[in-house]
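S.K.: Each residue of the sequence shown is one higher than the one before, counting from 1 in our numbering.
Virtual Cβ for every residue (Gly too), placed ideally from N, Cα, C.
For clarity, every value in this text was computed on a predicted model and none was experimentally measured.
Here you go, one structure.
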Amino acid sequence: MQTPAPIDRLSGILERFRIKAQLHHSGALCGLTHFDAGEGFGYLHVLRRGELEVSHPSARDVPPSLRFKEPTVLLYPAPFTHRFHNPPEEGADFSCARLVFEGGAINPLARSLPPLVALPLAQVPGMDMALQLLLSETDQVRCGQRLLVDRLFEVVVIQLLRWLLDHPQHAGIRPGLVNGMSDARLARALIAMHDAPGSAWTLERMAEQAGMSRTAFANTFRDLVGKTPADYLTGWRVALAQNGLRDGRSIKVLAEELGYANPSALSRAFVGKVGVSPREWLKVAVDPSEKLLV
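Structure below.
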């Protein structure tokens, strides 16, 4: 039996919804350090040495406090208030970056991740080289350091996402895109939809991409992704429309690209997902990734 060719489950999403990182801190942290969700950033923390207790005030879906005693990576993909409690004198050694998943609440990748992913570095093979380069760059100031460090943080996030796609059960991944992409059959259908959102996607055609019957595909999709294939496709198209509107593209052009018969059809789908018209949404929409450019 021929082994299916490997597929790239991340590039199509990340090309449309970038991850942007910005160095926030490198070195020792002593005492209490507060990271406020109100700032609008996610965070990637790499505990290099020492011990850490992290607390989550008024937390839901995460433990009130956690303690780490070995090198660990902590990913908060969305803004989430957390506090580091470190020894008052010797502290613990960190490299930290602020993160923005482009699109914010509409980003299907970030939306499918739990509020916190915390993994010992020893559990995530393949990160060693990027982390070694990242940590060596944060140890001293050199030409181009900040730019290189920001890109390396983004590489580490992608490597972590790659690991999560292969081990969703280890991080409490809830129904959503990451869970769906972890299934090789659904991944083929999802990638096809991501790459060609404007195609005439029927349930039968989606199931063919997955190599499944329509019934098996629909049931498995709903169980792992948490919605029907048609509902997911509409959400993906509307998210792409939001990105296009932010970039100044017209609703007419977007409707043609995304497989809608006319702008009115896209507008109706938009209202169904977002709750307001494209015009009303655009008046208040602010790309949070701009915060990382200031």
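So which of G50, G12, E70, H82 has the shortest CA-CA distance to L44?
M.R.: Taking the first residue of the sequence shown as position 1, residue 44 is located at position 44. Taking only the C-alpha atoms, the option nearest L44 is H82.
S.K.: Which residues share a DSSP beta bridge with G27?
M.R.: Start at 1 with the first residue of the sequence shown, and residue 27 comes out as number 27. Partner(s): F94.
S.K.: Over what stretch of residues does the beta strand (DSSP E) that includes T72 continue unbroken?
M.R.: On the sequence shown, position 72 is the one that residue 72 refers to. Counting along the chain, the beta strand (DSSP E) containing T72 begins and ends at 72-76.
S.K.: In angstroms, rounded to a whole number, what distance separates the CA positions of W201 and Q159?
M.R.: Sequence index remark: in the sequence shown, residue 201 carries index 201 (1-based). Sequence index remark: in the sequence shown, residue 159 carries index 159 (1-based). Near 31 Å, if we compare the C-alpha coordinates of Q159 and W201.
S.K.: Hey, L224 and N179 are a contact pair by Cβ (cut 8 Å); roughly how many whole angstroms apart?
M.R.: Counting from 1 along the sequence shown, the entry for residue 224 is found at position 224. Counting from 1 along the sequence shown, the entry for residue 179 is found at position 179. Going by Cβ atoms, the distance from L224 to N179 rounds to 5 Å, so yes, they are a contact pair.
S.K.: Below 8 Å between beta carbons: does that hold for D8 and R48?
M.R.: Here residue 8 refers to the residue found at position 8 when the sequence shown is read from its first residue. Here residue 48 refers to the residue found at position 48 when the sequence shown is read from its first residue. No, they are not a contact pair.
S.K.: Should L240 and P278 be called a contact, given that it needs their Cβ atoms to be closer than 8 Å?
M.R.: To locate residue 240, count along the sequence shown from 1; it is residue 240. To locate residue 278, count along the sequence shown from 1; it is residue 278. Cβ distance not < 8 Å, so L240 and P278 don't count as in contact.
S.K.: Classify L147 as buried or exposed, calling it buried when 16 or more other Cβ atoms lie within 10 Å of its own Cβ.
M.R.: On the sequence shown, position 147 is the one that residue 147 refers to. By the neighbour-count rule (16 or more Cβ atoms within 10 Å), L147 is not buried but exposed.
S.K.: Do the CB positions of E137 and L161 come within less than 8 Å of each other?
M.R.: Position 137 of the sequence shown, counted from the first residue, corresponds to residue 137. Position 161 of the sequence shown, counted from the first residue, corresponds to residue 161. Cβ atoms of E137 and L161: not closer than 8 Å.
S.K.: Is the number of C-beta pairs between the segment 21-35 and the segment 58-75 that are closer than 8 Å three or more?
M.R.: Result no; under three Cβ-Cβ pairs closer than 8 Å.
S.K.: From which residue to which residue does the alpha helix (DSSP H) around S112 run?
M.R.: Stepping through the sequence shown from its first residue, residue 112 is reached at position 112. Taken as a continuous stretch (DSSP letters only), S112 belongs to no alpha helix (DSSP H), as it is neither H nor E.
S.K.: If you pair each beta-carbon of the segment 119-134 with each one of the segment 172-192, do three or more pairs fall below 8 Å?
M.R.: No, the segment 119-134 does not touch the segment 172-192.
S.K.: First and last residue of the alpha helix (DSSP H) that includes L135?
M.R.: In the sequence shown, residue 135 corresponds to position 135, counting from 1. It spans 128-138 - the alpha helix (DSSP H) in which L135 sits, taken as one unbroken run.
S.K.: Please name the residue, chosen from R174, G272, V117, that lies closest to L66 on a Cα-to-Cα basis.
M.R.: The residue you call residue 66 lines up with position 66 of the sequence shown. For the residues R174, G272, V117, the minimum Cα distance to L66 belongs to V117.
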